[in-house]
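Have a look at the structure below, then the notes.
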Amino acid sequence: MYFYIFDPGKDKEVRYFERIQGRLLNLLAENHIEGETYRVTSIRTVELLVEQAIGLEARTIIVVGGDSTLNRAINTLIRQNADITVGFISLDPGSRLGQIFGISPDIEQSVKTLAGRLVAGLDLGEINEHYFLSKVELGENQFSQIEPGIFGLSSVRRFMKLQPFEINLSLDNKYKVSSEVFGAQIINCRNNEGCKVKLGDPTDKLLDILLLSKLASGQIIRYRKELATGCLDNVPGATIMHAKKVEVLGPRKLPLSIEGQVYTKAPAIVSVAKRKIKMIVGKTRQF
Amino acid sequence: MGKREDYGDGATETVVGASVKIEGDLVSEGDIRVEGFVTGKVKTSKNLYVGPQARIEADIDAGNAVIAGNIKGEIKIKDNLLIQETGKVSGNISCARLSITEGARFMGSCTMAMPESGDMEPVVDEE
Numbered sequence: 001m002y003f004y005i006f007d008p009g010k011d012k013e014v015r016y017f018e019r020i021q022g023r024l025l026n027l028l029a030e031n032h033i034e035g036e037t038y039r040v041t042s043i044r045t046v047e048l049l050v051e052q053a054i055g056l057e058a059r060t061i062i063v064v065g066g067d068s069t070l071n072r073a074i075n076t077l078i079r080q081n082a083d084i085t086v087g088f089i090s091l092d093p094g095s096r097l098g099q100i101f102g103i104s105p106d107i108e109q110s111v112k113t114l115a116g117r118l119v120a121g122l123d124l125g126e127i128n129e130h131y132f133l134s135k136v137e138l139g140e141n142q143f144s145q146i147e148p149g150i151f152g153l154s155s156v157r158r159f160m161k162l163q164p165f166e167i168n169l170s171l172d173n174k175y176k177v178s179s180e181v182f183g184a185q186i187i188n189c190r191n192n193e194g195c196k197v198k199l200g201d202p203t204d205k206l207l208d209i210l211l212l213s214k215l216a217s218g219q220i221i222r223y224r225k226e227l228a229t230g231c232l233d234n235v236p237g238a239t240i241m242h243a244k245k246v247e248v249l250g251p252r253k254l255p256l257s258i259e260g261q262v263y264t265k266a267p268a269i270v271s272v273a274k275r276k277i278k279m280i281v282g283k284t285r286q287f
Numbered sequence: 001m002g003k004r005e006d007y008g009d010g011a012t013e014t015v016v017g018a019s020v021k022i023e024g025d026l027v028s029e030g031d032i033r034v035e036g037f038v039t040g041k042v043k044t045s046k047n048l049y050v051g052p053q054a055r056i057e058a059d060i061d062a063g064n065a066v067i068a069g070n071i072k073g074e075i076k077i078k079d080n081l082l083i084q085e086t087g088k089v090s091g092n093i094s095c096a097r098l099s100i101t102e103g104a105r106f107m108g109s110c111t112m113a114m115p116e117s118g119d120m121e122p123v124v125d126e127e
């Protein structure tokens, strides 16, 4: 049984969702993947709907919404230890997870992807009993939260204000890493478009650690595009390491964030979760 | 939207940047590139590159290696070892093939596996 969770989001997304809702339902029926549909409200949260799907013994949950809706649904599934396949229809044309998993922002294409039912077991990162698909950013310098603006000019002003910071990590209890960095990320998967190095394969049971060393003003201007797109590895001098478990030893109270939201502070452990999530992916996936 | 083929070749390379200091056993299944400072041990079955600014105080075990930086420790290389003109090695080396560029510095002993006589191809006179 397919269990659909519709989370139209706010304002602009709601209007878009209401415009495409009828067409979406028709496409689902045409592709023989229709099922029960539920819309998220302030009292009927994503978490409650996922629990409802588990209770109804749904075989597949399809999240129709943004990346944050997908993350919330996956967290509930893992915590409930449920063996349910997850599908995703993105209502956000800029969805990072959609791009990584090869799910087109075009409704017709994404329904075809769901109907194709190409299922991949994906690793999840774990931080303080919170599970994530994408990446953790360390410190206040969160590149994923900075909009590039026209020609990247507004981002340059933001980047200039960022301060480098000391970081101490322990990887797989084998070696310790210390450095002064401008940015630090622990990646489970990421959108590799525009990046020179393929990082964040969610099927390799590893996290990729990316450290960006201190930059001079000239370098910030020169590499503003790379910084704004999150391809920190395109900037010369970047450090790339791989581990199953990363202990962020310090500095104390260094924030660890996912998509701009702080989940914990150092000292903390980020690791590959023992459980995988079964996800319907597209042929154009990046792994 | 990019396809998988558009992005490199799997790239499990480990890169230690110039500002990074590592203490402990740096073990990787892929290539390792060191531009910073490492103490402890460096191990990979693949390729190791040590940049001109790098400083390693560690025992090294690798498939192939190119050394342009400063190394203090035992070096065990399965196949090719190249010490470039900026390279400085202090320690014993063991490898199958060794190249040292003019200007490089090496202090220590070197052990190389000799090909067994049976493995050598006989010389045949051509008429």
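Heads up: the protein sequence lines correspond to chains A and B, in order. Mapping the first sequence onto the working numbering, position 191 (from 1) lands on 191, and the numbers just tick up by one. Mapping the second sequence onto the working numbering, position 89 (from 1) lands on 89, and the numbers just tick up by one. Where a beta carbon is used, it is the ideal one built from N, C-alpha and C, also for glycine.
Per DSSP, reduced to three states, the secondary structure at Y16 (chain A) is helical.
DSSP links Y2 (chain A) through a beta bridge to A:T60. Distances from the CA of I277 (chain A) to each of A:R39, A:F88, A:I5 and A:L25 were compared; the closest alpha carbon is that of A:F88. Residues of chain A whose Cβ lies closer than 7 Å to the Cβ of K72 (chain B) do not exist, since the nearest Cβ in that chain is about 18 Å away. Judged by pairs of C-beta atoms under 8 Å, the segment 241-251 of chain A touches the segment 202-209 of chain A, as three or more such pairs exist. When Cβ-Cβ separations below 8 Å define contact, I240 (chain A) makes contact with chain B. With respect to the 8 Å criterion, Y175 (chain A) and G40 (chain B) are classified as neighbours on the basis of their beta carbons. Within chain B, G17, A18, S19 and E35 have C-beta atoms less than 8 Å from the C-beta of G237 (chain A), given in sequence order.
In summary, T44 (chain B) is buried, with 16 or more beta-carbon neighbours lying within 10 Å of its beta-carbon over all protein chains present. By the CB criterion at 8 Å, K21 (chain B) and S217 (chain A) fall outside the cutoff. Of A:R44, A:S95, A:P93 and A:S110, the smallest CA-CA separation from R23 (chain A) is found for A:S110. Membership of L207 (chain A) in any alpha helix (DSSP H) is not indicated; the residue belongs instead to the beta strand (DSSP E) covering L207 to S213. According to DSSP, residue pairing for H242 (chain A) in a beta bridge involves A:D208. Between N168 (chain A) and Q286 (chain A), the C-beta gap is not smaller than 8 Å, which leaves the two residues out of contact. The beta carbon of L207 (chain A) does not come within 8 Å of any beta carbon belonging to chain B, so the residue lies off that interface. Annotation for I100 (chain B): I83 and F106 place their beta carbon closer than 7 Å to its own, counting only its chain and skipping 5 residues before and after. Taken atom to atom, the span from the alpha-carbon of G65 (chain A) to that of K225 (chain A) is near 28 Å. The C-beta separation of E29 (chain B) from V16 (chain B) comes to about 16 Å, leaving the pair out of contact by the 8 Å criterion.
For K112 (chain A), the enclosing alpha helix (DSSP H) begins and ends at I107 to G116.
N188 (chain A) places its beta carbon less than 8 Å from that of L124 (chain A).
Closest by C-alpha distance to G260 (chain A), out of A:A228, A:I221, A:V136 and A:T229, is A:V136. If you ignore the 5 residues before and after T229 (chain A), its C-beta comes within less than 6 Å of the C-beta of G194, all in its own chain and listed in chain order. Exclusion of the five residues before and after A65 (chain B) leaves L48, I77 and L81 as the residues of its chain whose Cβ lies within less than 6 Å of its Cβ. Of A:I33, A:I20, A:A184 and A:K112, the smallest CA-CA separation from N141 (chain A) is found for A:A184. Residue pairing for I258 (chain A): DSSP places it in a beta bridge opposite A:Q261. The beta carbon of L162 (chain A) is closer than 7 Å to those of N141 and F182 in its chain, skipping five residues each way along the sequence. Going by beta carbons, T203 (chain A) and L138 (chain A) fall outside the 8 Å limit. Between M1 (chain A) and G35 (chain A), the C-beta spacing is below 8 Å. Annotation: F3 (chain A) to G98 (chain A) spans about 19 Å, alpha carbon to alpha carbon. Non-local C-beta neighbours of I93 (chain B) in its own chain, meaning closer than 6 Å and more than five positions away in sequence, comprise I75 and C110, ordered along the chain. For P93 (chain A), the number of other beta carbons within 10 angstroms of its own is below 16, and it is reported as exposed. Per DSSP, the continuous beta strand (DSSP E) segment holding L26 (chain B) begins and ends at K21 to S28. Counting only Cβ-Cβ distances below 9 Å, Y263 (chain A) has no contacts in chain B at all, with the closest Cβ about 25 Å away. By the CB criterion at 8 Å, A54 (chain B) and G69 (chain B) fall inside the cutoff.
Of all residues in the segment 158-190 of chain A, only K174, Y175, K176, V177, S178, S179 and E180 come within less than 7 Å of chain B when Cβ atoms are compared, listed by chain position. The alpha-carbon of R96 (chain A) is positioned some 10 Å away from that of G102 (chain A).
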